[in-house]
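Residue numbers (this note's numbering), protein chains in the order written: chain A, 1 to 224; chain B, 1 to 224. Just so it is clear, CB atoms sit at the ideal spot from N, CA and C, and this is done for glycine as well. I have placed the structure first, in the form of structure tokens, so that the comments after it can refer back to it.
Protein chains: 2
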Amino acid sequence: MSYGIRFDLNDSLSLRDPQDTELGRKIIENAILLIDKLGFEAFTFKKLAAKIESTESSIYRYFDNKHMLLLFLTSWYWEWLNYLIISETKNISDSEKKIKILINIMVRAKSDSAHTPYVNEALLHEIMVKEGAKSYHTSAVDEENRSGLFASYKELVETISQLLLDHNPTFPYAHSLASNMFEMANNQIFFAEHLPKLTDVKSCQDDFADIIDMMEYFVFKILS
Amino acid sequence: MSYGIRFDLNDSLSLRDPQDTELGRKIIENAILLIDKLGFEAFTFKKLAAKIESTESSIYRYFDNKHMLLLFLTSWYWEWLNYLIISETKNISDSEKKIKILINIMVRAKSDSAHTPYVNEALLHEIMVKEGAKSYHTSAVDEENRSGLFASYKELVETISQLLLDHNPTFPYAHSLASNMFEMANNQIFFAEHLPKLTDVKSCQDDFADIIDMMEYFVFKILS
DNA sequence: TTTCTATGATAGCATTACTATCATTAAACA
DNA sequence: TGTTTAATGATAGTAATGCTATCATAGAAA
Numbered sequence: 001m002s003y004g005i006r007f008d009l010n011d012s013l014s015l016r017d018p019q020d021t022e023l024g025r026k027i028i029e030n031a032i033l034l035i036d037k038l039g040f041e042a043f044t045f046k047k048l049a050a051k052i053e054s055t056e057s058s059i060y061r062y063f064d065n066k067h068m069l070l071l072f073l074t075s076w077y078w079e080w081l082n083y084l085i086i087s088e089t090k091n092i093s094d095s096e097k098k099i100k101i102l103i104n105i106m107v108r109a110k111s112d113s114a115h116t117p118y119v120n121e122a123l124l125h126e127i128m129v130k131e132g133a134k135s136y137h138t139s140a141v142d143e144e145n146r147s148g149l150f151a152s153y154k155e156l157v158e159t160i161s162q163l164l165l166d167h168n169p170t171f172p173y174a175h176s177l178a179s180n181m182f183e184m185a186n187n188q189i190f191f192a193e194h195l196p197k198l199t200d201v202k203s204c205q206d207d208f209a210d211i212i213d214m215m216e217y218f219v220f221k222i223l224s
Numbered sequence: 001m002s003y004g005i006r007f008d009l010n011d012s013l014s015l016r017d018p019q020d021t022e023l024g025r026k027i028i029e030n031a032i033l034l035i036d037k038l039g040f041e042a043f044t045f046k047k048l049a050a051k052i053e054s055t056e057s058s059i060y061r062y063f064d065n066k067h068m069l070l071l072f073l074t075s076w077y078w079e080w081l082n083y084l085i086i087s088e089t090k091n092i093s094d095s096e097k098k099i100k101i102l103i104n105i106m107v108r109a110k111s112d113s114a115h116t117p118y119v120n121e122a123l124l125h126e127i128m129v130k131e132g133a134k135s136y137h138t139s140a141v142d143e144e145n146r147s148g149l150f151a152s153y154k155e156l157v158e159t160i161s162q163l164l165l166d167h168n169p170t171f172p173y174a175h176s177l178a179s180n181m182f183e184m185a186n187n188q189i190f191f192a193e194h195l196p197k198l199t200d201v202k203s204c205q206d207d208f209a210d211i212i213d214m215m216e217y218f219v220f221k222i223l224s
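In structure tokens form, the structure reads like this:
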């Protein structure tokens, strides 16, 4: 039996890889549902245990604490975007077209082909928009970075940088633009939905078409 | 006796305005020191009470909870940047110069003239870089927004937008660029300090000179 | 002088964030 | 086939967190 894509995330993210077991996949699946519903602050392992009819102690056998679980989900998301970007730009030669595909993936975060049954990608995207930044805005960031817990984000940024440099090989800020594109996509979606005075785009437009247009405008101007 | 600048923040941010009383100012002053030291997650009212030799209940008379205290600090910071931007660009006519001043203020967040004795602006800036986004990444964001708790951020973005539009009156994304400039400044500082693979700039450079150059490069390209 | 307001002191309580121990069941192994 | 072993469940417990409530007191305002 296949459980969709399986990413090799850093070992230290979890005590036991949840992708390998039935309970682990249930934890991931329902953590996404529950964090989306309650928000990360109100989410607890006790509530998750009740939802999946397991126990707190069983969840603690997979994750040290809820921050690690969030970081696992975030890393999965980073890996997933990276995978989508690579596979969907692979056979394209036009560098402008590649960047448009990249922007589309970053903003819409969805795929017609790649699915993992226990990961609701649409909900995971919403969580990333609201809570993703909390994964690295932590006092242990340096230590976690030394343990390689942000390797997936760095890979994603590296992939994006290369696409940007393909388009303009002399551009001096490829990594900063890459990370900013990712953060900007999430932030502008959040602002459009919750603090519209901070943007010029609307989220009610079909599928973030507005935000895509803006991102393309920004990126191609900067790269020009 | 004067206690420096006093901003009229939204009433709902605090139960009693901490800027008005000795204890209130002590709460603000030491909250900044303690959040910087412990990080927002490990910061508690109990620890703060111990530090100022007061009690939890006294602090609860000023703020509903630590999230409100963070939002108060964040709002103070937004107001402060807004004030600095307006006062330091007031007598400048060149729109390009104005934007350079604006970027300088957003990245360095300091002033030679305006000081408030109980607010350590340098530490507050560091807190904003690390924890600022948590002020609005909350499940109650819509309700808090309806109560006007983000008015200061909106004002700041409006001020920046106007400066951008002065430079290029036909630019279609002034608010999005304004909010992104602010978020990007904070993020790129954070990345330079903690996740350098995500940037091309160094934080060890004097006073973020690198980041300023990059921000100018980005903003003038986009506005061109 | 009285009243009001701000603060302090103390207690208490439900929830959170774990840790530890022991039992059970199913898979792996020999 | 019997026996380890590994994964999960069940239960208990504990310190810290995030509050709320009550009463006392000191100083300012009326």
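Cβ neighbour criterion (16 or more within 10 Å) applied to residue 75 of chain A = buried
Using a beta-carbon distance below 9 Å, is residue 212 of chain B in contact with chain A?
-> no
What residues from the stretch 135–147 of chain A come within 8 Å of chain B, judged by C-beta to C-beta, listed N to C?
-> Residues of the stretch 135–147 of chain A with a C-beta atom less than 8 Å from some C-beta of chain B are 136, 137, 138, 139, 141, 142, 145, listed in chain order.
Per DSSP, what kind of secondary structure is residue 199 of chain B in: helix, strand or coil?
-> Of the three classes helix, strand and coil, the one that applies to residue 199 of chain B here is coil, per DSSP.
Of all the residues that make up the stretch 165–180 of chain A, which are near chain B by a beta-carbon distance shorter than 9 Å?
-> Of all residues in the stretch 165–180 of chain A, the ones placed with a Cβ closer than 9 Å to any Cβ belonging to chain B are 172, 173, 174, 175, 176, 177, 178, 179, 180, in chain order.
Are the stretch 211–218 of chain A and the stretch 97–105 of chain A touching by the rule of at least three beta carbon pairs closer than 8 Å?
-> A contact exists between the stretch 211–218 of chain A and the stretch 97–105 of chain A.
Taking C-beta pairs closer than 8 Å, name the residues in chain B that residue 125 of chain A reaches, listed in chain order.
-> Simply none; closest approach about 15 Å.
Do you know offhand how far residue 85 of chain B's Cα is from residue 131 of chain B's?
-> 22 Å
Measure from the C-beta of residue 115 of chain B to each C-beta in chain A and report whether the shortest distance is under 9 Å.
-> Residue 115 of chain B does not count as touching chain A.
My guess is that residue 14 of chain B and residue 68 of chain B are in contact by the Cβ rule of under 8 Å, so how many angstroms apart are they, rounded?
-> 7 Å
Nearest to residue 51 of chain B by CA position, among B:58, B:34, B:206, is which residue?
-> B:34
Should residue 233 of chain B be flagged as near chain A, meaning a C-beta pair shorter than 9 Å?
-> No information on residue 233 of chain B is available, as it lies outside the stretch 1 to 224 that chain B covers here.
Continuous alpha helix (DSSP H) stretch holding residue 13 of chain A: start and end = From DSSP, residue 13 of chain A is part of no alpha helix (DSSP H); its letter is neither H nor E.
By DSSP, does residue 159 of chain B sit in helix, in strand, or in coil?
-> helix
C-alpha gap between residue 108 of chain A and residue 180 of chain B, whole angstroms = Going by the C-alpha atoms only, they are around 19 Å apart.
Residue 119 of chain B - DSSP class collapsed to helix/strand/coil = Coil.
What does residue 50 of chain A touch in chain B if you count any residue whose Cβ is under 9 Å from its own?
-> Result: empty, since nearest Cβ-Cβ is about 19 Å, beyond 9 Å.
Exposed or buried, residue 60 of chain B, counting other C-beta atoms within 10 Å across all chains shown (16 or more means buried)?
-> exposed
Answer yes or no: does any C-beta atom of chain B fall closer than 9 Å to that of residue 202 of chain A?
-> Contacts with chain B at 9 Å (Cβ-Cβ) do not include residue 202 of chain A.
Just the C-alpha distance for residue 201 of chain B and residue 104 of chain B, rounded to the nearest angstrom, thanks.
-> Each residue's Cα considered, the two are about 16 Å apart.
Please work out which residues of its chain come closer than 8 Å, Cβ to Cβ, to residue 138 of chain B, disregarding the five sequence neighbours upstream and downstream, and give them in chain order.
-> 67, 144
In chain order, which continuous runs of the alpha helix (DSSP H) of length 4 or greater are located wholly inside the stretch 61–129 of chain A?
-> 66–89, 95–108
Kindly say whether residue 69 of chain A, judged by its beta-carbon, lies nearer than 9 Å to any beta-carbon of chain B.
-> no
What residues in its chain sit with their C-beta under 7 Å from that of residue 4 of chain A, if we drop five residues either side in the sequence?
-> 115, 116, 117
For residue 18 of chain B, which option in B:210, B:47, B:119 has the closest C-alpha, if you only look at C-alpha atoms?
-> When each option's Cα is compared against that of residue 18 of chain B, the closest is B:119.
Between the stretch 75–91 of chain A and chain B, which residues of the former have a C-beta closer than 9 Å to a C-beta of the latter?
-> none
Meets three-Cβ-pair contact criterion under 8 Å: the stretch 175–190 of chain A and the stretch 174–190 of chain B = yes
Give the range of the alpha helix (DSSP H) segment to which residue 53 of chain B is assigned.
-> Neither: residue 53 of chain B is in no alpha helix (DSSP H) and is coded neither H nor E.
What's the C-alpha gap between residue 65 of chain B and residue 45 of chain B?
-> 8 Å
Going by alpha carbons, who is nearest to residue 224 of chain B out of B:111, B:192, B:63, B:165?
-> B:165
Please report the Cβ distance between residue 43 of chain B and residue 129 of chain B, rounded to the nearest whole angstrom; I am assuming they are in contact, meaning their Cβ atoms lie under 8 Å.
-> Actually they do not touch by this definition, with Cβ atoms about 16 Å apart.
Out of curiosity, what's the CA-to-CA distance linking residue 63 of chain B and residue 106 of chain B?
-> 27 Å
Tell whether a beta-carbon distance below 9 Å holds between residue 134 of chain B and residue 40 of chain B.
-> yes
Figure out for me which residue from B:9, B:54, B:210, B:37 has the closest Cα to the Cα of residue 26 of chain B.
-> B:54
Proximity of residue 171 of chain A and residue 92 of chain A at Cβ, strictly below 9 Å = Contact: no.
Reduced DSSP category for residue 167 of chain B - H, G, I as helix; E, B as strand; rest coil | helix
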